[in-house]
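Comments concern the structure below.
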Amino acid sequence: MNDTFRKHTVQLQFYATAPYPCSYLPEHEARSQVAVPSELISSGAYSQLVLQGFRRSGGFVYRPWCDHCQACVAVRLPVAQFAPNRTQRRCLKRNDTLKVRLTELEYREEHFALYQRYQQSRHSGGGMDQDGREQYESFILKSQVSSFLAEFSENGVVRMVSLIDQLDDGISSVYTFFDPDLAERSLGVFNVLWQVGLAKQLGLRYVYLGYWIKDCRKMEYKTQYRPIEGLRNGKWHPL
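The working numbering applies: residue 3 is where the sequence shown begins, and numbers increase by one.
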């Protein structure tokens with residue numbers, strides 16, 4: 003780890019979790035390396051952790067740390083080189099009626115209702131479809147780093163909400179949920195394209211998209227954004 007990383011994380015400790023069922027590859031076991039205590043992880047420290055492949059879920063900062071598998075690859079988009087393809091340009095046009103509002107991490111009943119509809123439609127039986135307000139707030143509204151919500155609305159109705167972390171060199175797309183009845187509009191694609199534009203507007207170099215797994219169909223969409231870089235053996239390379 004470089005000196006900046008050490009300076010930011012001098013008081014942090016890292017531990018490996020016990021094995022648990024992998025959410026993405028059937029019949030695989032996964033482990034995570036966790037950075038603690040989370041309350042000491044400032045935005046600067048978190049930026050350095052992200053460069054090393056870490057990510058957060060609520061106050062939980064982790065990276066894959068599996069014993070016999072390295073399938074999870076942290077990925078990011080270099081926004082200066084990115085240009086949308088024809089399909090993505092159509093998606094932008096199809097959703098140009100959406101209005102965006104950036105807010106602090108504040109609870110809104112309309113957001114929570116949309117989150118529940120999304121989970122029950124897109125992830126039924128996965129556990130998160132049973133989330134109550136407490137679980138929602140812990141996952142979406144709890145952050146010790148620089149975070150904000152992007153609310154996308156149309157005719158006064160919230161269609162999509164995205165949780166975003168701002169890093170030293172980019173933005174990290176933490177989680178997005180949207181109206182499941184609007185599948186034909188590819189709101190998830192539009193959200194990534196919008197975040198690329200936001201990063202450019204903020205003068206930041208990257209949009210971090212979490213992890214990509216080659217053999218996981220749920221993650222295939224991430225390689226549709228090109229060029230894209232992946233973290234392998236401690237260094238970022240074009241995929």
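Virtual Cβ for every residue (Gly too), placed ideally from N, Cα, C. If you're wondering where the values come from, they're calculated on a predicted model, not measured in any experiment.
Query, Result
"If distances are taken between C-alpha atoms only, which option among ALA20, LEU42, SER45, SER59 comes closest to THR143?", "According to the sequence displayed, residue 143 carries Leu and not Thr. The option with the nearest alpha carbon to LEU143 is SER59."
"Does the distance from the CB of GLN121 to the CB of LEU195 come in under 8 Å?", "no"
"When you compare only the Cα positions, how much space is there between ARG234 and VAL102?", "35 Å"
"Please identify the residue among PHE150, SER148, TYR117, PHE56 whose C-alpha is closest to the C-alpha of GLU136.", "TYR117"
"Within this structure, are the beta carbons of ARG161 and PHE180 separated by less than 8 Å?", "yes"
"Count the CB pairs spanning the region 167-175 and the region 38-57 that are closer than 8 Å, and state whether there are at least three.", "yes"
"Quick one: grab the DSSP three-state call for ILE142.", "helix"
"Could you check the C-alpha separation between ARG119 and LYS220 for me, to the nearest Å?", "19 Å"
"Please go through the same chain and pick out, in chain order, the residues whose beta-carbon is closer than 8 Å to the beta-carbon of PHE114, but skip the five residues on each side of it.", "ARG135, TYR138"
"Taking the continuous beta strand (DSSP E) assigned at VAL75, which residues delimit it?", "75-80"
"Between which two residues does the beta strand (DSSP E) holding GLU153 run?", "149-156"
"For VAL63 and ILE43, what's the separation of their Cα atoms in angstroms?", "9 Å"
"What do you reckon, are the CB atoms on CYS93 and SER34 nearer than 8 Å?", "no"
"Hey, out of VAL77, ALA73, ALA20, GLN15, whose CA is closest to ALA47's CA?", "GLN15"
"Could you check what DSSP says for TYR26 in three-state terms: helix, strand or coil?", "coil"
"Kindly indicate which three-state DSSP category GLY232 falls into: helix, strand or coil?", "strand"
"Applying the 10 Å Cβ sphere with the 16-neighbour rule, what's the burial state of GLN13?", "exposed"
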